[in-house]
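Sequence lines, in order, name chains A and B. With this note's numbering applied, the first sequence corresponds to residues 4 to 144, in that order. With this note's numbering applied, the second sequence corresponds to residues -2 to 146, in that order.
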Amino acid sequence: MLKKVKVGDLLPQVEKDIDQERIWRWANLSKDYNRLHIDPEYARQTPFKGTIAHGPMSLAFLNELMMKSFGLGWAKGGQLLEVRFVAPIRPGDHIRIEGLIKEIEIKDGQKRVVCEMTIKNQHGEKTVVGQGIAFWPMEEE
Amino acid sequence: MENKKDKPELTFADLPSGRTFRPLELAVTPELVQEYMEVIGDHHPLYFDENLARKYSLPAPIAPPGLAAIYARLSYLQDYTMPSGGVLAKQEFEFHTPAQVGEILEVKAQVKESYLDEKGRKRVTFFIEGRNKQGKLVSTVRLSAIWPK
């Protein structure tokens, strides 16, 4: 968990290597067998020109970053808002899941921490953007 | 890997505003949580460390909140397959009470909005609630998609 929070701080970055094996395993876990994700030959003939990772897998990565940063302050009361998928994540990509604290306000004896969240690929391109809101107990500081 | 085709496709015509679906029962088993942790690479100790859970006054380790990304989708696809070509446009989550490992969740989905936009695209928004067996709200999800057919 974070030791303290202030506006302008970056959350501890999370990095992942995406490969087809991980995408297949997510397909089995989520029961999402859309061929765009699991069938490279089929996916090559689509406008995407190859398989892409499932959108909800990206949401799981955003969750990982917020759990790592805020723990129960995320699992209990956290909000993931305005998540948009702006570019596909592909096998072979190395992605960085990032968060930046944009705003802190006191609410019900806790700090309500608003974070701008982004997933970028190895070229620095944004693939997923959104906003995470977590809570931070006042007594932690 | 097989593409399960034994269920009908869920088409836009099946998704009028207000439609509800048969509730999904999802068992948060240790095996499910373990597989989630391995696939995502998220090994937060609150998902498996009973001593840490007790330290935070939790009766048991908690399920990764990100599991909601899985059960939200399954809640409206239990009896259908998703037609190819859809686009997940936007998604929002709120986490209320953490689900505990070992619990069974009941997940209900409703079509909140269903319309053709100005470009003739089929827009659908679902509102999904997951509750534990005590009826406590675990998560709420709002999911908007462009439906393929």
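By construction, the Cβ of each residue, glycine as well, lies at the ideal position given by its N, Cα and C atoms. Model, not experiment: these values are computed from the prediction.
Item, Value
"Is the beta carbon of A:Lys105 closer than 7 Å to that of A:Val117?", "yes"
"Can you list the residues of chain B that A:Pro59 reaches, using a CB-CB cut of under 7 Å?", "Ala66, Ile67, Arg70"
"Give the straight-line distance between the Cα atoms of A:Ile136 and B:His93, rounded to the nearest whole angstrom.", "13 Å"
"According to the Cβ coordinates, are B:Thr17 and B:Gln75 closer than 7 Å?", "no"
"Which partner residues does A:Gly133 have in the DSSP bridge list?", "A:Met120"
"I'd like to know if B:Gln97 contacts chain A, where contact means its C-beta is closer than 7 Å to some C-beta of that chain.", "no"
"Where does B:Ala50 land, buried or exposed, given buried means 16+ other C-beta within 10 angstroms?", "buried"
"Counting only C-beta atoms, is B:Gln31 closer than 7 Å to chain A at any point?", "no"
"Can you give me the Cβ contacts of B:Lys133 inside the same chain, cut-off strictly under 6 Å, excluding the 5 residues immediately before and after it?", "Thr94"
"Got a sec, what are the start and stop residues for the beta strand (DSSP E) B:Phe90 sits in?", "84 to 92"
"Please confirm whether B:Gly15 has its beta-carbon closer than 7 Å to some beta-carbon of chain A.", "no"
"For chain B, is any of its Cβ atoms less than 7 Å away from the one on A:Ala78?", "yes"
"Please classify B:Val135 as buried or exposed, where buried requires at least 16 neighbouring CB atoms within 10 angstroms.", "buried"
"For the stretch 25 to 61 of chain B, which segments carrying the alpha helix (DSSP H) assignment without a break, of at least 4 residues, lie completely within its bounds, in sequence order?", "27 to 37, 47 to 52"
"Thinking just about the alpha-carbon of each residue, which of A:Thr130, A:Thr121, A:Leu62, A:Ile100 is nearest to the one in B:Glu89?", "A:Leu62"
"Could you check where the alpha helix (DSSP H) with B:Ala106 kicks off and where it finishes?", "Unbroken run through B:Ala106 is the beta strand (DSSP E), 101 to 113; no alpha helix (DSSP H)."
"Say whether chain B places a C-beta atom closer than 7 Å to the C-beta of A:Phe51.", "no"
"In chain A, which residues lie with their C-beta within 9 Å of the C-beta of B:Glu100?", "Within 9 Å Cβ-Cβ: nothing; B:Glu100 doesn't reach chain A, min ~14 Å."
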